[in-house]
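J.: Here you go, one structure.
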Amino acid sequence: MGLEEGWGSSAGPEPCVLPLQPGPSPWRERLAQGTVLAGPAVQALPAAGASPSCDHVPAAPTPTACLHCSPAELLLCVLLQTMALLSLLFVLVQGLIQYPQPAGDGLDEATHRRMQERQELLEHEMARLLQELDGVAAAEKENKEVTKEVESDRNKDRVNVEGNKNEDKEEDEEDNVAARENEGSDGGKEESTSGGIQDREGTRDAGNKQGILLFDRIEWPVEDLERGCSETAELMESFTRVFVDSVSDSFYPVPQEAIGVGSAFEGWSPGDWDGVYRVLVPLNPPPGHSFHLELNSTGQVAARTFNVRVELVCMCQREQLGEKLLCLLHHSQEELQHKQERSLLETLCTGSYLDVEKTSRWFCDLVRCSWLHVPQSYSWHLVFQRCSRSCRFELSRGRKSLMVEMLFGVRQWDSDIFVVSQTTEARFPASTAWVETSAVAEVKFFWYIARQVPCESLHLKCLQVFTRILRGTGFSSSTWKTVVMHVLTTVPLSRWSRREFARQLWDIMAYLRRCLKSKRLEHFVLGNKRLPEVISVPPAMRGVEPPNLFEHLARDPAAHREAMKAYGQLRFRLWVLLSSR
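Under UniProt numbering, think of the first position of the sequence shown as 1, with each following residue one higher.
Structure representation (structure tokens):
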């Protein structure tokens with residue numbers, strides 16, 4: 001009989017009734033033992049406090065399970081099973097809350113790797129910040145003890161830069177005192193003195209070894225620079241031959257042999273080098289014309305600009321010698337217009353002055369027309385870059401490229417000083433203004449030094465070291481080049497050897513410190529009496545007062561304090577660089 005029949009029929013066996021009085025009962029014993037009816041079999045409920053498992057989950061009650069039970073027994077059975085399910089659900093939820101499952105192993109591994117990389121990055125950044133803080137602290141300490149640092153440099157770093165009269169005088173006095181002590185000392189003092197000399201020599205040898213290691217491990221792009229300079233020079237030679245033929249029998253400026261300028265042709269590359277190979281093309285006046293330079297700016301000599309005034313010159317004598325050119329001064333305008341080209345005053349000048357922008361456009365057109373006549377056009381592809389005061393273009397061949405900028409200028413007298421088309425930084429002069437530059441003189445100086453020093457690349461590697469640690473200090477590469485050039489004319493060239501590399505680095509730092517202390521760094525070419533004779537300057541420039549490149553530090557005390565802090569940072573970076581090798 002089904003369950004529905006048991007509930008709805010009055011016939012059949014008498015329904016069982018649970019006893020209400022206390023006493024032994026099979027149902028009570030089974031309930032005390034934690035068992036309930038579940039279908040045709042009896043399953044035990046988990047004891048109190050025991051961990052539930054899937055094996056103890058009671059099966060869902062079926063209506064056909066208790067065929068011979070009364071409705072009260074069935075109701076009690078269902079209630080007991082419901083309570084067991086609720087208890088199991090409570091235990092499962094509590095276990096999930098108290099003991100959450102970890103993420104998968106694959107996700108954890110990727111997450112841990114990212115966290116480790118992030119931690120390493122933070123540690124590296126923290127180390128860099130600590131170094132900067134140490135550098136600032138060193139700078140502040142150094143500003144308070146500038147006088148003591150002079151002796152510290154001499155004893156610790158063996159800095160001995162000639163040209164400083166105070167230090168030379170102190171060294172002479174120390175030598176005299178030492179000589180007198182040696183004359184009156186006994187044997188024990190002589191042994192002590194010799195021992196001290198040996199200790200100092202040992203310290204110096206250790207510094208030399210560190211300098212040699214640093215010298216050998218500096219990344220030196222000399223091969224790439226030489227290759228780029230050589231290719232640029234060959235291209236300029238080809239252009240010059242074509243230029244001469246193109247401007248012959250005309251009244252346009254006559255381009256001369258190009259001169260490589262800038263750090264690349266000096267033999268080194270600063271950290272902020274833009275990769276452009278620059279050449280200067282001197283321009284001579286055409287027949288019947290002459291150039292005259294007129295100073296049009298005041299103030300610092302180092303920032304002078306000039307106007308190039310163009311004047312006509314009589315050519316009657318050349319005309320009598322059979323040349324086809326007519327004299328521009330002694331022939332009528334109608335005759336000149338019909339028989340020859342216009343003069344330079346009518347083409348590239350604004351008023352009576354040579355215009356930089358007009359000359360730049362003419363020069364770019366000249367290069368464009370000459371390109372197909374040079375042998376490099378068969379293997380290189382040329383693309384012009386827009387520039388209003390020079391001719392800049394990029395050469396490409398496969399994956400290789402070469403950026404070249406052709407400046408043009410007028411020579412002052414027969415010297416190595418030019419006025420050029422290149423504009424100065426942060427200034428945009430008028431189109432008739434030509435900026436004075438000593439770039440050619442500086443290149444010739446580096447060529448001269450390379451032939452005189454025992455190690456031809458030592459001074460260049462000094463520049464390479466300092467320009468690599470300049471970032472964030474406010475010192476420019478041109479400032480460091482000026483400092484190094486002054487030291488090269490101060491320290492005997494015989495000391496510029498590979499063994500003395502570390503010593504020369506500290507010599508350069510000492511020279512910069514004295515310049516900062518006095519707030520004066522003189523221009524290297526103008527007014528320099530120690531300039532080698534191979535460099536030619538106009539007679540008026542040899543006797544002028546050298547311009548002060550640190551004049552802004554003398555005017556601004558805050559800028560001077562920042563410069564001293566930057567010097568402390570540089571000194572610390574150099575010390576770390578030499579100590580880590």
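Where a beta carbon is used, it is the ideal one built from N, C-alpha and C, also for glycine.
Just so it is clear, the structure is predicted and the values come from calculations on it, not from any experiment.
Any idea what DSSP makes of E562, helix, strand or coil?
T.: Note: E562 maps to helix in three-state DSSP.
J.: Assuming T350 and A433 make a contact with CB atoms under 8 Å, what is their CB distance in whole Å?
T.: About 11 Å; that fails the 8 Å criterion.
J.: Within 10 angstroms of the Cβ of E120, are there 16 or more other Cβ atoms? Answer buried if so, exposed if not.
T.: Exposed, by the Cβ-count rule.
J.: Smallest Cα separation from T359: which of M83, S396, V281, L577?
T.: Among M83, S396, V281, L577, the Cα nearest to that of T359 belongs to V281.
J.: Closer than 8 Å by C-beta to S390: which residues in its own chain qualify, once you throw out the five before and the five after it? Chain order, please.
T.: Hits under 8 Å: S360, E405, M406, L407, F408, S421, Q422.
J.: Quick check on the burial criterion: 16 or more other C-beta atoms within 10 angstroms. Buried or exposed for C462?
T.: The residue is buried, with at least 16 neighbouring Cβ atoms inside 10 Å.
J.: Span of the alpha helix (DSSP H) holding K481?
T.: K481 -> alpha helix (DSSP H) spans 477 to 488.
J.: For F501, tell me which candidate among V261, V465, E436 has the shortest Cα-Cα distance.
T.: That would be V465, whose Cα lies nearest to the Cα of F501.
J.: Using alpha carbons as the reference points, say which of I417, F445, V491, C364 lies closest to V537.
T.: That would be I417, whose Cα lies nearest to the Cα of V537.
J.: Any chance the region 521 to 528 sits against the region 436 to 445, with 3 or more Cβ pairs inside 8 Å?
T.: Verdict: yes, contact present.
J.: Enumerate in chain order the residues of its own chain whose CB-to-CB distance from R411 is below 8 Å, with the five nearest sequence positions on each side excluded.
T.: So the list reads P282, I417, F418, once near-sequence residues are dropped.
J.: Starting from the Cα of Q376, find the closest Cα among F239, G260, L512, P546 and give me that residue.
T.: Checking every option, the nearest Cα to that of Q376 belongs to F239.
J.: Given this structure, state the Cα-to-Cα distance separating P429 from H112, to the nearest angstrom.
T.: Distance between the alpha carbons of P429 and H112 is about 59 Å.
J.: Quick one: using the 10 Å Cβ neighbour count with 16 as the cut-off for buried, is D355 buried or exposed?
T.: Result: buried.
J.: Which residue wins for smallest C-alpha separation from Y378, given the options R392, R386, P287, G398?
T.: The residue with the shortest Cα to Cα distance from Y378 is G398.
J.: Taking the beta strand (DSSP E) that E394 belongs to, which residues open and close that run?
T.: From DSSP, the beta strand (DSSP E) with E394 extends over 391 to 397.
J.: Taking only three categories from DSSP, how would you classify M1?
T.: Reliability fails at M1, whose pLDDT of 42 lies under 50, so the model's placement of it is uncertain and the value that follows must be treated cautiously. The answer is coil: DSSP assigns M1 none of H, G, I, E or B.
J.: Do the region 541 to 553 and the region 570 to 581 meet, that is, are 3 or more Cβ pairs less than 8 Å apart?
T.: At 8 Å Cβ cutoff, the stretches do not touch.
J.: In the DSSP assignment, find the unbroken alpha helix (DSSP H) run with E357 in it and report its ends.
T.: Counting along the chain, the alpha helix (DSSP H) containing E357 begins and ends at 356 to 371.
J.: How far does the beta strand (DSSP E) with I259 in it extend, from its first residue to its last?
T.: From DSSP, the beta strand (DSSP E) with I259 extends over 259 to 261.
J.: Would you mind listing the beta strand (DSSP E) stretches within the region 411 to 481 that are 3+ residues and don't spill past its ends, in chain order?
T.: Runs of the beta strand (DSSP E) inside the region 411 to 481: 418 to 420, 433 to 437.
J.: Where do the ends of the beta strand (DSSP E) carrying Y277 lie?
T.: Element bounds for Y277: 276 to 284.
J.: Can you give the beta carbon distance from G288 to F251, rounded, assuming they're within the 8 Å contact cut?
T.: That pair is a contact at about 7 Å.
J.: Go through its chain and collect everything with a Cβ distance to G184's Cβ below 8 Å, but skip five positions before and after it.
T.: Low local confidence applies: a pLDDT of 37 at G184 is under 50, so the model's placement there is unreliable, and no value is given.
J.: In whole angstroms, give me the CA-to-CA distance for R513 and E522.
T.: Distance between the alpha carbons of R513 and E522: 14 Å.
J.: Could you compute how far the alpha carbon of L89 sits from the alpha carbon of V78?
T.: Taking the straight line from one Cα to the other gives about 16 Å.
J.: With a cut-off of 8 Å on the beta carbons, I'd call L366 and F243 a contact; round off their distance for me.
T.: The Cβ separation is near 7 Å, so the contact holds.
J.: Within the continuous alpha helix (DSSP H) that includes F550, where are the two ends?
T.: Note, F550: premise wrong, no alpha helix (DSSP H); not H, not E.
J.: If you follow the beta strand (DSSP E) that S290 is part of, which residue opens it and which one closes it?
T.: Run containing S290: 289 to 295, per the beta strand (DSSP E) assignment.
J.: Would you identify the three-state DSSP class for V537, choosing helix, strand or coil?
T.: Reduced to three states, the DSSP call for V537 is coil.
J.: DSSP beta-bridge partners for T350?
T.: According to DSSP, which records beta bridges pairwise, T350 is partnered with Y353.
J.: May I ask you to report which of helix, strand or coil DSSP gives G386?
T.: A small fix is needed here, since residue 386 is Arg in this sequence, not Gly. It is coil, neither helix nor strand.
J.: Per DSSP, F408 is paired with what?
T.: Beta-bridge pairing links F408 to V281.
J.: Would you mind giving the Cβ-Cβ distance between R309 and S343, rounded to the nearest angstrom? I have them listed as a contact below 8 Å.
T.: Their Cβ separation, rounded to whole angstroms, is 14 Å, which puts R309 and S343 out of contact at 8 Å.
J.: Starting from E311, trace the beta strand (DSSP E) in both directions and tell me its first and last residue.
T.: 305 to 312 is the span of the beta strand (DSSP E), which, as asked, contains E311.
J.: Starting from the Cα of residue 582, find the closest Cα among W362, H338, Q333, E335 and give me that residue.
T.: Outside the displayed span of the chain (1 to 581) sits residue 582, for which this structure offers no information.
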